[in-house]
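Just below is one structure, and these are the notes that go with it.
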Amino acid sequence: MNMKTGDISPVKRTNERATPALVAGLKAPARFKAVCMAALNLRDGWLVMVLPDGRRLAFGDGDGPEATLVVKSWAFAYRLVRNGDIGLAEGYMAGEWDTPDLSVLLTFLSGNADRVVRILRGNPMMQMMNLFRNLGRENTRAGSRRNILAHYDLGNRFYAAWLDRTMTYSAARFDEKPGADLANAQLAKYRSLAHSMRLKPGEHVLEIGCGWGCEGLSDRVDLRMLDYRDVSGQFDKVASIEMFEAVGEKYWPAYFAKISEVLKPGGTAGLQIITIRDDLFDAYRKRVDFIQQYVFPGGMLPSRARLGEETARAGLTLEQVQAFGVSYADTLAEWGRRFRRAWGEINQLGFDERFRRLWQFYLSYCEAGFRSGRTDVVQIALTKA
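Per my numbering, the sequence shown starts with residue 39, numbered consecutively.
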């Protein structure tokens, strides 16, 4: 049976607590036992794993999220052991496992990532193969066009089906406007960034990586389809919202050098950037994760420390940092709800079941990163002397 996430009734915590002896005695493939042995390290919540024969095993302890993973095929364990978090996603896309609440499950696993890191990283040989494939996704001028098209060339009707009326595809600021709906939280984000830039009427502003935009200012906008590296001129202010993540580590110096080049003396740049926790950055940059493999080829998140180094090297002064990762988690949760409600319309556009499951995993995976604190999002203000 092809079971959708919403069709599964939550499984209550079982008294059959998993132990090394119990796992060793399971009538299951060796790779599945390896996954279960790793799961014995889970803490700060509970994971109930429902086996194909209906048996339920409980992993974890203490207070925290209560997550459920329904195993529909032993093959998912092979994927997980072989390819880590990428394999976990592939198993979900293939329908080999399911859960009543994907965000709760992935948040619980994200919070435990350091305890099960060997499983989530996958086989070292597969890590090397993924890195090798990723080399062909470098963000040269031609490569950037290909990489951006891979995610954004899905058609306006697809995004319009589940984004809010502002058609904004970046973090909203619910922290700036508690109780707001998604559209107003998005407008709060724009106001916050404009305020940090000290934006004034009549100023000449460059935006690197714009979205769909809004009505009312088209007569004052010069829209150019070109690589950020080819921008020329001088501007009072520069704005860029969640474009930096697509630049690629090799080109970070060029990105900030360009901002420094086009800013007038005394000018300010306001940027919104997703970051990864400082202590995770070195390991993260040496491997390919699910997002880079399936969603944003060529992408790379900076750490806060690395951002500081790159901006200083470009002669820019970091004046202000505002972090609001929980707001991004709330944004992603709302996108997930809207995506699920709009699936009938999206399906009519020609997108299949595998696409649905990929996008649901993607939205929940990102939400989990922000809820667990492994990732964050910041608005920063940079000035040029």
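Built from N, CA and C at the ideal position, the CB exists for glycine as well.
Legend entry - Exposed unless 16 or more other CB atoms sit within 10 angstroms - verdict on M263: exposed
Legend entry - Assigned secondary structure, F334 (DSSP; H/G/I helix, E/B strand, else coil): coil
Legend entry - Assigned exposure category for C404 - 16 Cβ within 10 Å defines buried: buried
Inset, instruction - Would you mind giving the Cβ-Cβ distance between S341 and F319, rounded to the nearest angstrom? I have them listed as a contact below 8 Å. - result: 4 Å
Inset, instruction - Report yes or no: do the segment 62 to 82 and the segment 125 to 135 share at least 3 C-beta pairs separated by less than 8 Å? - result: no
Inset, instruction - Evaluate V109 with the Cβ neighbour count: other Cβ atoms within 10 Å of its Cβ, from every protein chain shown; 16 or more gives buried, anything less gives exposed. - result: buried
Inset, instruction - Note the first and the last residue of the continuous beta strand (DSSP E) segment covering F97. - result: 94 to 99
Legend entry - Contacts around Y293, its chain only, beta-carbon distance under 6 Å, and the 5 residues preceding and following it disregarded: V285
Legend entry - Three-state secondary structure (DSSP) of M235: coil
Legend entry - I279: first and last residue of the uninterrupted beta strand (DSSP E) it sits in: 273 to 279
Legend entry - Pick from A350, R379, G149 that is closest to E104, judged by C-alpha positions: G149
Legend entry - As assigned by DSSP and simplified to three states, the class of I246: coil
Inset, instruction - Pull up the distance between the alpha-carbon of N79 and that of V142, whole angstroms please. - result: 18 Å
Inset, instruction - With DSSP collapsed to three states, give me the class of G353. - result: coil
Inset, instruction - Would you tell me roughly how many angstroms separate the C-alpha atoms of A62 and A56, rounded to the nearest one? - result: 10 Å
Legend entry - Candidates T313, R117, D202, of which the one nearest D219 by Cα: D202
Legend entry - Proximal residues to K302 (C-beta, below 7 Å), its chain only, five neighbours per side dropped: Q272, F273, D274
Legend entry - Beta-bridge pairing of S341 - partner residues as DSSP gives them: I314
Inset, instruction - Have a look at F146 and T106 and give me their C-alpha separation to the nearest angstrom. - result: 10 Å
Inset, instruction - Could you spell out where the beta strand (DSSP E) holding G83 opens and where it closes? - result: 83 to 88
Legend entry - C-alpha gap between L370 and G217, whole angstroms: 16 Å
Inset, instruction - Give every residue of the same chain whose Cβ lies closer than 6 Å to the Cβ of T137, excluding the five residues on either side of it in the sequence, and list them in chain order. - result: T106, L107, L143
Legend entry - Residue nearest to R379 in terms of C-alpha spacing, selected from V359, L387, A199, V333: A199
Legend entry - For K65, the three-state DSSP class (helix, strand or coil): coil
Inset, instruction - Rank M87, R81, G83, D82 by C-alpha distance to the C-alpha of V73 and give the top, closest one. - result: M87
Legend entry - V416: first and last residue of the uninterrupted beta strand (DSSP E) it sits in: 413 to 422
Inset, instruction - Run the CB neighbour count on S256, radius 10 Å, all protein chains shown included, and call it buried at 16 or more, exposed below. - result: exposed
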